[in-house]
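Letter by letter, the sequence shown follows residues 61 to 261 of this note's numbering.
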Amino acid sequence: MNYGMRPGWIEVVSGVMFSGKSEELIRRVRRAIIARHRAQVFKSHLDSRYTGLYSVSSHDGTEIEASPVDSAAEIFRLVHPEAELVAIDEAQFLDPDIVPVCTTLAGRGVRVVLAGTDTDFRGEPFGSMGALMAVAEMVTKLQAICVACGDPACRNQRLLNGKPARYDSPTIMVGGRESYEARCRHCHKVPRRDEDQGRLL
Ligand code: ADP
Ligand code: ZN
């Protein structure tokens, strides 16, 4: 697939959890491999959802091998000089250098495919996803299904002990006591401290 362009561009697959980003990333990588393009897959180390640290897995169980990385610089160091496609999952967890790393790779002729959650549990931009969507040639924004009402879902609902997590809880929680649901804008709840006292912001 060359989209009628010279090789080297950035594709972003964004959306909430359960929207099918990993499925779509795996599909694009598999098709590139069928076309005999040399592909490398990376994934932020911070994603602890799965025990298979060395693979990208989707919620429906499909899997491809991936190298876990801690930083954008590590991706840059590990990219093989002959790689034609570089895929990066969980891009929201990576540091801001991910933007220059991707633009440099694309400038060298690499097809860069990034997948990531574009909003955090508060519904605000997550990490460098907004900047990556801005510099990309192609952006695919996927939606899941709201578990509360069945409409298309564009938000990650964080639950702590079954209740909506408050606005001031940390963006990335270490230890994973929390759980997440896909919800639409209207069913998404992020209580603020002041709401606990009955006052709306
Ligand atoms: P992501 O990488 O965006 O978290 P995945 O590709 O891992 O998404 O998983 C997508 C799959 O999750 C869907 O194909 C579907 O089988 C399953 N799924 C579970 N809950 C939901 C939901 N609320 N909305 C949509 N798909 C869901
Ligand atoms: Zn809803």
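All residues carry an ideal CB built from backbone N, CA and C; glycine is no exception.
Please indicate yes or no: does the CB of residue i lie closer than 6 Å to some heavy atom of the ligand ZN?
{"i": "Ala208", "result": "yes"}
{"i": "Cys214", "result": "no"}
{"i": "Cys162", "result": "no"}
Using a Cβ-based criterion (distance less than 6 Å to any ligand heavy atom), does residue i qualify as near the ligand ADP?
{"i": "Ala242", "result": "yes"}
{"i": "Glu71", "result": "no"}
{"i": "Arg211", "result": "It should be pointed out that residue 211 corresponds to Asp in this sequence rather than to Arg. No, the Cβ of Asp211 stays beyond 6 Å of every heavy atom of the ligand ADP."}
{"i": "Gly80", "result": "yes"}
{"i": "His248", "result": "no"}
{"i": "Ser272", "result": "Missing from the structure shown is residue 272; the chain here goes from 61 to 261 and no further."}
{"i": "Ala151", "result": "no"}
{"i": "Ile205", "result": "yes"}
Leaving out the 5 sequence neighbours to the left and right, which residues in its chain are closer than 6 Å to residue i when beta-carbon positions are compared?
{"i": "Gln148", "result": "The residue you asked about is not Gln; residue 148 is Ile in the sequence shown. For Ile148, where only same-chain residues beyond five positions count, the Cβ hits under 6 Å are Phe102, Leu174."}
{"i": "Arg226", "result": "Pro251"}
{"i": "Cys162", "result": "Ile70, Val172"}
{"i": "Thr200", "result": "Val73"}
{"i": "Gly112", "result": "For Gly112, the pLDDT reaches just 49, beneath the cut-off of 50, and the residue's location in the model is therefore unreliable, although a value from the coordinates is still provided. Closer than 6 Å at Cβ, skipping near neighbours: no residue."}
{"i": "Phe153", "result": "Ser104, Leu106"}
{"i": "Pro156", "result": "Ser188"}
When you compare the CB of residue i with every CB in chain B, is at least one pair closer than 7 Å?
{"i": "Ile135", "result": "Within the model displayed, chain B is absent; a lone protein chain is all it includes."}
Looking only at its chain, what residues have a beta carbon closer than 8 Å to the beta carbon of residue i, apart from the 5 residues adjacent to it on each side?
{"i": "Asp228", "result": "Arg252, Arg253"}
What would DSSP say about residue i, mapped onto helix, strand or coil?
{"i": "Met65", "result": "coil"}
{"i": "Ala44", "result": "With the chain represented from 61 up to 261, any question about residue 44 goes unanswered, as that position is not in the structure."}
{"i": "Asp195", "result": "Here the sequence assigns Val to residue 195, which means Asp is not the residue at that position. DSSP places Val195 in helix when its eight states are reduced to three."}
{"i": "Arg253", "result": "helix"}
{"i": "Gly190", "result": "helix"}
{"i": "Ala126", "result": "coil"}
{"i": "Ala99", "result": "strand"}
Would you kindly report the start and end of the unbroken alpha helix (DSSP H) that includes residue i?
{"i": "Glu84", "result": "81-94"}
Just to confirm the assignment, what range does the beta strand (DSSP E) spanning residue i have?
{"i": "Tyr240", "result": "239-243"}
{"i": "Arg218", "result": "215-220"}
{"i": "Ser117", "result": "115-117"}
Residue ranges of each beta strand (DSSP E) within the region 135-187, 3 or longer: Complete beta strand (DSSP E) runs here, min 3: 145-149, 171-177.
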